[in-house]
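Note that the protein sequences, when read in sequence, are chains A and U. Just so we're aligned, residue 1 is where the first sequence starts under my numbering, counting upward by one. Just so we're aligned, residue 1 is where the second sequence starts under my numbering, counting upward by one.
There are 2 protein chains.
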Amino acid sequence: MTTDPYNIACTHGFIQSSCSDCNLKGLCLPIAMDIKDIDKVDNIIKRSRPIQAGEHIYRTGDGFTSIFAVRSGSIKTYLLDDDGVEQVTGFYLPGEILGFDGIGTEKHGCNVMAMETSTVCEIPFERIEELSLQIPVLQRHFFQLMSQQIEADHQMMLTLSKKNAEGRVATLLLSLSRRFGRRNLSPNSLRLPMSRMDIGNFLGLTIETVSRTFSRLQKEGLIKVDGREIHINDHKQLQSICHASK
Amino acid sequence: MTTDPYNIACTHGFIQSSCSDCNLKGLCLPIAMDIKDIDKVDNIIKRSRPIQAGEHIYRTGDGFTSIFAVRSGSIKTYLLDDDGVEQVTGFYLPGEILGFDGIGTEKHGCNVMAMETSTVCEIPFERIEELSLQIPVLQRHFFQLMSQQIEADHQMMLTLSKKNAEGRVATLLLSLSRRFGRRNLSPNSLRLPMSRMDIGNFLGLTIETVSRTFSRLQKEGLIKVDGREIHINDHKQLQSICHASK
DNA sequence: CGCCCCATTGAGACGGCTCAACTTGCGTGG
DNA sequence: CCACGCAAGTTGAGCCGTCTCAATGGGGCG
């Protein structure tokens, strides 16, 4: 994709022309990978034009060909069941990788939508499989990424099954805080990329309950809420109400 | 492990000495795999002595070395959070593969316990990684297995987040029914391998609610319950109450 | 300005939880 | 052989947290 104008014309600050220049490579590529292998990966990656808020990257049933790394913005994945009920299954921030659904069936198993203007790196999976045969550390890396997804999903099952509204909201806030921190952003001041609707859907709560919970946490002084701007005043206490208790 | 007596002395009907003789190979190995490759896999697999009900195969924090295929019996996986609260994250039946947690961290991320006397095939993961470099169809297979695990976990998130007690129980029953059917057992008459406690824990319900729900489904004629013996009278109606609705 | 969407807050309803009593099946020991 | 204890499951009564429904507030945009 060296002819892709977005690789050359850097229309905004986030666009990078190669993985080795990308400040997110520590998040989405193996640390131990040497430069010429990074270049091999780099050569198969397609960098997208910006995706607008509300636009889909793929939908359930689309043929599976690629996985995606978030370069900028934020992405949600969600299921739609037969009755049209939506379940948000994950939020993805820059440096995080999504799209591991659908390898088994060759069809994607969920919908992927940008929550704000975003850019992604498209990584054709067949090419990754070929490369993985030559670069053991890359094969290992993708096994690890999928394993981490599985562990995160299991934690989410615990959250949905055993925690009350406060615990669920606090767990999400701390997860976002940690992931912001990993990108060298403040872990205490963050702007939620998702609506109350998406938060509630993800956490198995109504928007009213999410809103009331934010208000209560604010009244207790643990956080400061201003729309989507959240300031975390007391990480420890937030941690302590993450425990399971319905 | 050709010196393992359990490979030779077949103490009960389920023990098989090789993958190519195993009637579950259609479930845990790729269909398209040729015989000499199956033998290569076969050579790295360690077949265990029977594991008793309540015995652990591994626990959270144990070093990750292997994944496991269930050969007979039934297995549950569960998380323990800091307060000792348990979350059952999955039930595994013969032909199913578990243990994909912990590849990322090199430490297992959950606990694995036999729910009844069981046997498993231990598959050293580093050997699988080596073999996968030589046998592309095997690499693909393990990506597929992990992808399927992720999709199943996302369905579970929908179940926990959006369904009421009836929907959760019905969803579990139909999942078990389908998996029994895949092994050429009756999809209508099944013996639950797990206690009401485990069912409730998995589904985010108390045992009382599980019990009441079974009773209600029986009263409505959809199923017949006798302890752990379940007969499904009406698959279609059971399907129709699986929809999301809290 | 007026419209719409998102978020907040309140009042009442309801599903599942808690607590408690009782049943059943099973193994143990007298 | 029966008595007993124990674990697992069932059923009932009342409570509580979250949902539902409804009204209100605020910000962005034509």
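Where a beta carbon is used, it is the ideal one built from N, C-alpha and C, also for glycine. Just so you know, these numbers come straight off a predicted model, no measurement behind them.
Below-8 Å beta-carbon distance, residue i vs any chain A residue
i	result
residue 235 of chain U	no
residue 69 of chain U	no
residue 162 of chain U	yes
residue 208 of chain U	no
residue 109 of chain U	yes
residue 166 of chain U	no
residue 144 of chain U	yes
residue 154 of chain U	yes
residue 32 of chain U	no
residue 122 of chain U	no
residue 243 of chain U	yes
Contacting residues, own chain, Cβ-Cβ under 7 Å from residue i (five flanking each side not counted)
i	result
residue 102 of chain A	64, 108, 109
residue 18 of chain U	42
residue 73 of chain A	114, 116, 117, 118, 119
residue 206 of chain A	200
residue 53 of chain U	114, 115, 116, 117
Short CB-CB distance (under 8 Å) between residue i and chain U
i	result
residue 170 of chain A	no
residue 100 of chain A	yes
residue 148 of chain A	yes
residue 140 of chain A	yes
residue 79 of chain A	yes
residue 85 of chain A	yes
residue 75 of chain A	no
Contact under 8 Å by Cβ, residue i with residue j
i	j	result
residue 77 of chain A	residue 90 of chain A	yes
residue 232 of chain A	residue 188 of chain A	yes
residue 230 of chain U	residue 173 of chain U	yes
residue 50 of chain U	residue 119 of chain U	yes
residue 39 of chain A	residue 20 of chain A	yes
residue 69 of chain A	residue 97 of chain A	yes
residue 192 of chain U	residue 228 of chain U	yes
residue 238 of chain A	residue 179 of chain A	no
residue 201 of chain U	residue 87 of chain U	yes
residue 169 of chain A	residue 222 of chain A	no
residue 45 of chain A	residue 121 of chain A	yes
residue 162 of chain A	residue 204 of chain U	yes
residue 150 of chain A	residue 150 of chain U	yes
residue 181 of chain A	residue 148 of chain U	no
residue 138 of chain U	residue 131 of chain U	yes
residue 175 of chain A	residue 196 of chain A	no
residue 194 of chain U	residue 156 of chain A	no
residue 37 of chain A	residue 135 of chain A	yes
As assigned by DSSP and simplified to three states, the class of residue i
i	result
residue 69 of chain A	strand
residue 159 of chain U	helix
residue 213 of chain A	helix
residue 56 of chain A	strand
residue 42 of chain A	helix
residue 35 of chain U	helix
residue 48 of chain U	coil
residue 63 of chain U	strand
residue 246 of chain A	coil
residue 235 of chain U	helix
residue 101 of chain A	coil
residue 240 of chain U	helix
residue 17 of chain A	coil
residue 2 of chain U	With a pLDDT of only 39 at residue 2 of chain U, under 50, the local geometry of the prediction cannot be trusted, and the value read off the model is given with reservation. It is coil, neither helix nor strand.
Proximal residues to residue i (C-beta, below 8 Å), its chain only, five neighbours per side dropped
i	result
residue 2 of chain U	Bear in mind that the predicted position of residue 2 of chain U carries a pLDDT of just 39, short of 50, making it unreliable; the figure below should be weighed with that in mind. Closer than 8 Å at the Cβ level, and outside the excluded window around residue 2 of chain U, lies no residue.
residue 106 of chain A	63, 64
residue 209 of chain A	165, 200
residue 111 of chain U	56, 58, 59, 60, 77, 78, 79, 80
residue 215 of chain U	225
Sequence-distant residues of the same chain with beta carbon closer than 6 Å to residue i, five excluded per side
i	result
residue 27 of chain U	95
- Message: Just to confirm the assignment: which complete alpha helix (DSSP H) runs, minimum length 4, are found wholly within the segment 120 to 208 of chain U?
- Response: 125 to 134, 136 to 162, 165 to 182, 196 to 203
- Message: Going residue by residue through the segment 70 to 97 of chain A, where are the continuous beta strand (DSSP E) segments of at least 3 residues, counting only ones entirely within it?
- Response: 75 to 80, 86 to 92
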